[in-house]
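Worksheet: the structure to be examined is printed underneath.
Numbering (the working numbering), first residue to last: 4 to 596.
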């Protein structure tokens, strides 16, 4: 093999050119060659993978740490079959503060963007997160409304929050930008867990208020101190070191593995979470911890200075170097055998075993229900083969404005969100759901590289939607069964239509529950995309002088989309709004073209 001896990443592919494994190597030539020598030292899983390799490619990097980072990114991008992969489906919330904004405020988001904002989290316990947010509202008078500042300054009177002391009202310039940002810095310190500094500052303010005989102010400050103290007491763990640590333990069953993570900040247990890894029986604990640490901390906003791990991960020194480089301070990975840290690890291990038992039991029950649902559905529709992949479609619009389509995918009865698709309707104007559905089906199945086809298609609707889908499928010679999901007068799932026959679903059946879940999910996905586009429209039109909510509605109902509005002539605009407003709209869009 004529391969480089440099560090890098290699990608194994099957006959369909799909990436089935991503690996990292200190020496690409030595590592890749190992796969094609004798199978004596390979695990059964590795042998299965080797038997599926049709080709490979590699990417050279400057250092092994660079290779480690690239490996993590490629695993996330391609989700290869034979790699350990943490599920993406569950995005825990973060608290976000956009420090670049003139008057920042607290937001809750589920994804981190590289936008210069400060992110805190993730919060695995959402009730704890909301408790913290509520406490910040009581401690500091921050802006909570949706006003766009400085654009909306002095456009309206201050809201009720200002009058009850819950907001400093930057919207009427009641507070300077510098003073407001000082407050924001205090909030950031609080969210970083610097409670001692904040309590000390509040105590000084309370003492000063008492000296000035301002007892009402002193009482408010005392209550704030008590609130923070209660929060820290609630988070207390058996750890007096005041360190930031993550504690990782695991429990292994016949097929699956659970990793339990405890998050300790300044000596306080602030959260815990578990991660179930499927079909990992052949992987060693050191490999499991290595891959978990690499993927879990790749996008973490905060990495503690110490990871306490039950089993030393493979390539521990390389992981430490990677985490240290990422955060700019030394990060240690330790495996204690005695002492206080060992006791914390034992606590995490015992909880991992308990959680694994509980989760395993719940997962088995859930899988049994899913299997029953799919079997019942197969029998109801009269299919010979089991139903593996389901694709469901829905259309959403408001009076024909901003038509969108959505597709969700269920594989083996479980949502596969990585395969979801959104469609912005391009060829249909107005409220034409059937025409919109034809476009969506055409765009979904008119592809040269189609490798995944569903066993059945579900339409959120009746015969009209079914016929729209079948018309396009026939054009492309696809013989895929199409069902309609019907709702009752209360907008609840009631029946299926297949081959012009209505199939009533028993509300107590597992099939009914599965179909309801699919119908609700595709509807949710379509509505969310539609709302996002509408909010984008509103934010554009908000920038035009003289265009308020009523005129927005008139314009969008007439032109159906922002694109059509942008292309309108001045004369067309003057038929709907006063001449000066029409000129504002016309000039605005001409300037941004």
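For glycine and all other residues, C-beta sits at the position ideal for the given N, C-alpha and C.
Hey, residue 424 and residue 410 are a contact pair by Cβ (cut 8 Å); roughly how many whole angstroms apart? 4 Å
Which residue from 426, 147, 7, 63 puts its Cα closest to that of residue 444? 426
Spatial distance of residue 535 from residue 525 (CA atoms): 16 Å
Based on Cα-Cα distance, which residue from 310, 416, 250 lies nearest to residue 335? 310
Starting from residue 23, trace the beta strand (DSSP E) in both directions and tell me its first and last residue. 22-28
Measure from the alpha carbon of residue 456 to the alpha carbon of each residue in 172, 13, 480, 324, then state which is nearest. 480
Would you mind listing the beta strand (DSSP E) stretches within the region 45-107 that are 3+ residues and don't spill past its ends, in chain order? 58-63, 97-100
Note down, one range per segment and in chain order, each alpha helix (DSSP H) of at least 4 residues found wholly within the region 325-353. none
Test item: CB-CB of residue 412 and residue 387 under 8 Å: no
Give the secondary structure of residue 608 by DSSP, where H, G and I count as helix, E and B as strand, and everything else as coil. Outside the displayed range of the chain (4 to 596) lies residue 608, so it cannot be described from this structure.
Identify whether residue 301 lies in helix, strand or coil by the three-state DSSP scheme. coil
Taking only runs that begin and end inside the region 484-532, name each unbroken beta strand (DSSP E) of 3 or more residues, in chain order. 485-490, 496-501, 504-507
For residue 110, collect the residues of the same chain with a Cβ closer than 6 Å to its Cβ; drop the 5 residues on either side in sequence, then sort them by chain order. 99
Rounded Cβ spacing between residue 463 and residue 396 (contact assumed at less than 8 Å): 7 Å
Three-way DSSP call (helix, strand, coil) for residue 266 in this model: strand
Note down the Cα distance separating residue 92 from residue 416, rounded to an integer number of angstroms. Confidence in residue 92 is poor, its pLDDT being 41 and thus under 50, which makes the residue's placement unreliable; the coordinate value appears in the next sentence. The straight-line gap from Cα to Cα measures roughly 15 Å.
With distances taken from CA atoms, which of 54, 113, 228 is nearest residue 39? 54
On the three-state DSSP scale, how would you describe residue 249? strand
Closer than 8 Å by C-beta to residue 505: which residues in its own chain qualify, once you throw out the five before and the five after it? Chain order, please. 489, 498, 499
Can you say whether residue 102 is buried or exposed, counting buried as having 16 or more other CB atoms within 10 angstroms of its CB? exposed
Counting along the chain, where does the alpha helix (DSSP H) carrying residue 187 start and finish? 180-194
Using a 10 Å radius around the Cβ and a threshold of 16 neighbouring Cβ atoms, would you call residue 495 buried or exposed? exposed
Buried versus exposed, by CB contacts within 10 Å (16 or more), residue 254: buried
When the Cα atoms are used, what is the spatial distance from residue 302 to residue 122? 11 Å
Within 10 angstroms of the Cβ of residue 570, are there 16 or more other Cβ atoms? Answer buried if so, exposed if not. exposed
What residue range is occupied by the uninterrupted beta strand (DSSP E) comprising residue 110? 109-112
Classify residue 173 as buried or exposed, calling it buried when 16 or more other Cβ atoms lie within 10 Å of its own Cβ. buried
How long is the line joining the alpha carbons of residue 373 and residue 185, rounded to whole angstroms? 53 Å
Name the residue from 434, 96, 204 whose alpha carbon lies nearest to the alpha carbon of residue 563. 434
Among residues of its own chain, excluding the 5 on either side of residue 256, which ones have a beta-carbon nearer than 7 Å to its beta-carbon? 359, 363
Where residue 546 sits in the DSSP three-state scheme: coil
Taking the Cβ atom as the reference point for each residue, do residue 274 and residue 246 lie within a distance shorter than 8 Å? no
From residue 238 to residue 272, what distance separates their C-alpha atoms? Residue confidence is low: residue 238 scores 48 on pLDDT, short of 50, so the model does not pin down where it sits. Its coordinate-derived value is still stated next. Near 5 Å, if we compare the C-alpha coordinates of residue 272 and residue 238.
In the DSSP assignment, what residue or residues form a beta bridge with residue 592? According to DSSP, which records beta bridges pairwise, residue 592 is partnered with nothing at all.
For the beta strand (DSSP E) holding residue 431, just list the boundary residues, first then last. Per DSSP, residue 431 belongs to no beta strand (DSSP E) and is neither H nor E.
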